[in-house]
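K.L.:
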Amino acid sequence: MSDVGILINTTVAVAAVVLMIVRFKFNPVVSLVVGSAYLGLTTGLGTAKTVEVISTGFGDIMAEVGLLIAFGVLMGAMLKEMGAIQRLVGTLLRVFGPKRMPYAMSLTIATLLQSIFLDVLLVISAPLARNLAPKVGRVGTARMATALAIGLECGIVLMVPGVGALALAGLLGVPLGKMLIFGLILVIPTVAISVAIMSFLFTRGWWNPDKDEEHFHQTVVDDEEEDWTDGAGGSTPRPDAGGGVAQAQRAATVTTEDTKHDRPLILLLAPLLFSLLLIATGAILDIAEISNPVVSFVSEPLIALLIGLIGTSFVGRFSIGQHRVQKAIASGFSESGQILILTGVGGSLAATIAAVGLGDILGKYFTANHAAPLLMVWVIAAVLHIAVGSVTISAITAAGILAPIAPTLGLDPVLIALAAGAGSLFAVHVTSNTFWLLQSLMGQTTRGTLKTCSVGVSVASVVAILLVLPMSLVL
């Protein structure tokens, strides 16, 4: 097939996926598989080859990140059950004070807490943030809501072990240690600068408490009426239902009476911190070309997260008892299933795009120009996110389109991963579960949530790509 035909059919496949999800309310998993099948059949791969590519793409990315995602989610579920997040926020308040809490909370969420399932993390942290808001100042609600939105969404796709970051690293073949280090380098200034920009706007009169805030209310949603969500900022919730608040709150409820708060917080978080330290150590040693068999083994991301999971399990038994640890693990398995399937079929579409030769076609246009493909992947991810509302789907799809040409350009795949992650943050709006959770839990109107969530995370998206572009000059 001609180059033009391949480009047209790829565009149609991506547009069809978006249309099926947005217009016809198909499950994203089904939509991505249908899009992959269409692309393979219309570009001449044939039936057998198309099925093989779809299956192989799914299996390859699962082999890369399947266990990593599962381990991370299980670890997060146990930390939630132990009440570690509430205690961490309390510690941040004592250390940094209320005025600096927007920065402290957003940076902590974006870097340290990404193993926690997003909806659960939001439901745990939002009431604490809302209680702190009056101490932050007149626009405290706006600043805390924006800090939560930016920290949550940036962490998903830019910071290991966020599910989006794990999926992007697996799809593009980026060593997880490298993704962790460069993600950390990017996410800290991105979050800090974005929160500062939004705080400046709010304190200069862009926030009207009378129109942008409302009295706190919560709508109870029956299980049968709750909408599907990928747990990474993507869903199509009912606006009047608050985007599945009830489900997330039931999953996140931890009472003071049930949790033993006499265990040191550092003990609860030590296994997670240790596993991240092992991964980072392995990456640093690789860069320094230092080899040690023992360190190489324990710093492998799979082994490092396994050590963290085992350690968290032992700490959990010691802190809250075996019964509640098992309850947390069961919850974690339930949460990780849909994330794993979505990540896998995203890999199927990316594999199909690579198999039809789109990478060679695009390589003709972007050779010797590193900025152009990075901007392209950012734009594609941004457009997909506006339409679909899922950072995971948009990031994986955009990165998959550019992945085949990275070697041709001499472009480090980690840059494509970060650019795709940055683009997928653009315009979090009414198709996102995060949007409605923030509106309900932070006591905002829809107008206020458009400012704190939609504009705030979009600012972070732009800041991130502006920081990624200079990286291409040195990597």
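With this note's numbering, the residue at position 166 of the sequence shown is 179, and numbering never jumps.
Glycine residues also receive a C-beta, built at the ideal position from the N, C-alpha and C atoms.
As the structure is a computational prediction, the values presented were derived from the model and not from experiment.
1. Could you give the distance in angstroms between the alpha-carbon of Trp-449 and the alpha-carbon of Phe-287?
2. Can Leu-181 and Ala-343 be called in contact, C-beta distance under 8 Å?
3. Can the beta-carbon of Ala-433 be found less than 8 Å from the beta-carbon of Ala-411?
4. Reducing DSSP to helix, strand and coil, say where Glu-302 ends up.
5. What is the rounded straight-line gap between the Cα of Gly-324 and the Cα of Trp-219?
6. Relative to the C-alpha of Ala-395, which candidate in Leu-438, Arg-217, Phe-327 has its C-alpha closest?
7. When DSSP labels each residue in this structure, what does Gln-452 get in the three-state scheme?
8. Taking Ala-416 as part of the alpha helix (DSSP H), name the residues at either end of that continuous run.
9. Can you say whether Glu-302 is buried or exposed, counting buried as having 16 or more other CB atoms within 10 angstroms of its CB?
10. Is there a Cβ of chain C sitting closer than 8 Å to that of Thr-63, yes or no?
11. Given that a residue counts as buried once 16 or more other Cβ atoms are within 10 Å of its Cβ, and exposed if not, what is Gly-96?
12. Roughly how far, in whole angstroms, is the beta-carbon of Leu-131 from the beta-carbon of Leu-193, given that I think they are within contact range, below 8 Å?
13. For Gln-127, is the classification buried or exposed, using 16 other Cβ atoms within 10 angstroms of its Cβ as the cut-off for buried?
14. Is the beta carbon of Leu-278 less than 8 Å from the beta carbon of Ile-19?
15. Using three-state DSSP, classify Gln-457 as helix, strand or coil.
16. Tell me the DSSP secondary structure of Glu-65 in three-state form.
17. Among the residues of its own chain, which have a CB less than 6 Å from the CB of Thr-269, if the five just before and after it don't count?
18. Going by the DSSP bridge assignment, what does Glu-226 pair with across the sheet?
19. Any idea what DSSP makes of Asp-425, helix, strand or coil?
20. Just list the alpha helix (DSSP H) runs in the stretch 166–208, keeping only unbroken ones of 4 residues or longer that don't cross its boundaries, in chain order.
21. Cβ atoms of Leu-415 and Ser-485: under 8 Å apart, would you say?
22. Given a threshold of 16 other Cβ atoms within 10 Å of its Cβ, counted over all protein chains shown, does Met-33 qualify as buried or as exposed?
23. Quick one: what does DSSP say Phe-439 is sitting in, helix, strand or coil?
24. Val-481 lies in the alpha helix (DSSP H); which residues open and close that run?
25. What is the DSSP secondary structure of Gly-150, counted as helix, strand or coil?
26. Measuring alpha carbon to alpha carbon, tell me which residue in Ala-139, Arg-143, Gly-469, Leu-480 is nearest Phe-213.
27. For my contact list, Asp-16 and Ala-364 are in at a C-beta cut-off of 8 Å; report their separation, rounded to the angstrom.
28. Is the stretch 174–190 touching the stretch 447–463 in the sense that three or more CB pairs, one from each, lie closer than 8 Å?
29. Distance, Cα to Cα, Arg-263 vs Leu-424?
30. With a CB to CB cut of under 8 Å and the five nearest residues on each side skipped, what residues in its chain are close to Leu-451?
31. Between the alpha carbons of Leu-454 and Gly-59, how many angstroms are there, rounded?
32. Could you give the DSSP three-state label for Trp-220: helix, strand or coil?
33. For Gln-127, which of helix, strand or coil comes out of DSSP?
34. Please determine if the stretch 80–88 and the stretch 315–332 are in contact, where contact requires at least 3 C-beta pairs separated by less than 8 Å.
35. Helix, strand or coil: which one does DSSP assign to Lys-38?
36. Given a cut-off of 8 Å, decide if Gly-177 and Thr-405 are closer than it, judged by their beta-carbon atoms.
P.N.:
Reading off the structure:
1. Residue numbering aside, residue 449 sits at position 436 when the sequence shown is read from its first letter. Residue numbering aside, residue 287 sits at position 274 when the sequence shown is read from its first letter. Looking at the two C-alpha atoms, the distance is approximately 34 Å.
2. As a position in the sequence shown, residue 181 is number 168, starting the count at 1. As a position in the sequence shown, residue 343 is number 330, starting the count at 1. Not closer than 8 Å, so no.
3. Position 420 of the sequence shown holds residue 433. Position 398 of the sequence shown holds residue 411. Yes, they are a contact pair.
4. Mapped onto the sequence shown, residue 302 falls at position 289. The answer is coil: DSSP assigns Glu-302 none of H, G, I, E or B.
5. Here the question's residue 324 lines up with position 311 in the sequence shown. Here the question's residue 219 lines up with position 206 in the sequence shown. In a straight line, the C-alpha of Gly-324 is about 46 Å away from that of Trp-219.
6. Within the sequence shown, numbered from 1, the residue matching residue 395 stands at position 382. Among Leu-438, Arg-217, Phe-327, the Cα nearest to that of Ala-395 is on Leu-438.
7. Residue mapping note: residue 452 aligns to position 439 of the sequence shown, counting from 1. Reduced to three states, the DSSP call for Gln-452 is helix.
8. As a first step, residue 416 must be located in the sequence shown, where it is residue number 403. Ala-416 -> no alpha helix (DSSP H), and no H or E assigned at all.
9. The sequence position of residue 302 within the sequence shown is 289, counting from 1. By the beta-carbon neighbour count (other beta carbons within 10 angstroms, threshold 16), Glu-302 is exposed.
10. This model lacks chain C altogether, as it is built from one protein chain only.
11. Here residue 96 refers to the residue found at position 83 of the sequence shown. Around the CB of Gly-96, 16 or more other CB atoms lie within 10 Å, so the residue is classed as buried.
12. Numbered from its first residue, the sequence shown carries residue 131 at position 118. Numbered from its first residue, the sequence shown carries residue 193 at position 180. Not a contact, Cβ separation roughly 19 Å.
13. By one-based count along the sequence shown, residue 127 stands at place 114. When all chains shown are included, Gln-127 counts as buried.
14. Along the sequence shown, one-based indexing puts residue 278 at 265. Along the sequence shown, one-based indexing puts residue 19 at 6. It is not a contact, given that the beta carbons lie outside the stated cut-off.
15. As a position in the sequence shown, residue 457 is number 444, starting the count at 1. Reduced to three states, the DSSP call for Gln-457 is strand.
16. For the purposes of this step, residue 65 is taken as residue 52 along the sequence shown, with counting starting at 1. Glu-65 falls in the helix class under three-state DSSP.
17. Against the sequence shown, residue 269 aligns to sequence position 256. In this prediction, Thr-269 has a pLDDT of 39, which is less than 50 and means its spatial position is unreliable; nothing more can be read from the coordinates.
18. Taking the sequence shown and counting its residues from 1, the one referred to as residue 226 is at position 213. According to DSSP, which records beta bridges pairwise, Glu-226 is partnered with Gln-457.
19. Here residue 425 refers to the residue found at position 412 when the sequence shown is read from its first residue. DSSP places Asp-425 in coil when its eight states are reduced to three.
20. Entirely contained in the stretch 166–208, the alpha helix (DSSP H) runs reaching 4 residues are, in chain order, 176–185.
21. Along the sequence shown, one-based indexing puts residue 485 at 472. Along the sequence shown, one-based indexing puts residue 415 at 402. One thing to note: Ser-485 has its Cβ no nearer than 8 Å to the Cβ of Leu-415.
22. Numbered from its first residue, the sequence shown carries residue 33 at position 20. That one is buried.
23. Locating residue 439 in the sequence shown gives position 426, counting from the first residue. Looking at Phe-439 - three-state DSSP - the assignment turns out to be coil, as it is neither helix nor strand.
24. Residue mapping note: residue 481 aligns to position 468 of the sequence shown, counting from 1. Run containing Val-481: 469–484, per the alpha helix (DSSP H) assignment.
25. By 1-based counting over the sequence shown, the position of residue 150 is 137. Gly-150: coil per DSSP, three-state reduction.
26. On the sequence shown, residue 213 is found 200 positions in, with the first residue counted as 1. Measuring from the Cα of Phe-213, the nearest candidate turns out to be Gly-469.
27. For this step, residue 16 is matched to residue 3 along the sequence shown. For this step, residue 364 is matched to residue 351 along the sequence shown. In this structure Asp-16 is not in contact with Ala-364, their Cβ atoms being roughly 20 Å apart against a cut-off of 8 Å.
28. Counting C-beta pairs with one atom in each stretch, the stretch 447–463 and the stretch 174–190 have fewer than three that are closer than 8 Å, which means they do not touch.
29. To locate residue 263, count along the sequence shown from 1; it is residue 250. To locate residue 424, count along the sequence shown from 1; it is residue 411. In this prediction, Arg-263 scores a pLDDT of 46, lower than 50, which makes its location untrustworthy; no coordinate-derived value is stated.
30. For the purposes of this step, residue 451 is taken as residue 438 along the sequence shown, with counting starting at 1. Only Leu-135, Ala-139, Ala-158, Leu-161, Ala-162, Gln-457, Thr-462, Thr-465, Cys-466 meet the Cβ criterion.
31. Here residue 454 refers to the residue found at position 441 when the sequence shown is read from its first residue. Here residue 59 refers to the residue found at position 46 when the sequence shown is read from its first residue. Here the alpha carbon of Leu-454 sits roughly 50 Å from the alpha carbon of Gly-59.
32. Here the question's residue 220 lines up with position 207 in the sequence shown. Correct three-state label for Trp-220: coil.
33. As a working note, residue 127 is residue 114 in the sequence shown. Reduced to three states, the DSSP call for Gln-127 is coil.
34. Counting C-beta pairs closer than 8 Å gives three or more between the stretch 80–88 and the stretch 315–332, which meets the contact rule.
35. By 1-based counting over the sequence shown, the position of residue 38 is 25. Lys-38: coil per DSSP, three-state reduction.
36. Along the sequence shown, read from residue 1 onward, the residue named residue 405 stands at position 392. Along the sequence shown, read from residue 1 onward, the residue named residue 177 stands at position 164. Yes; because the gap between Cβ atoms is below 8 Å, this pair is in contact.
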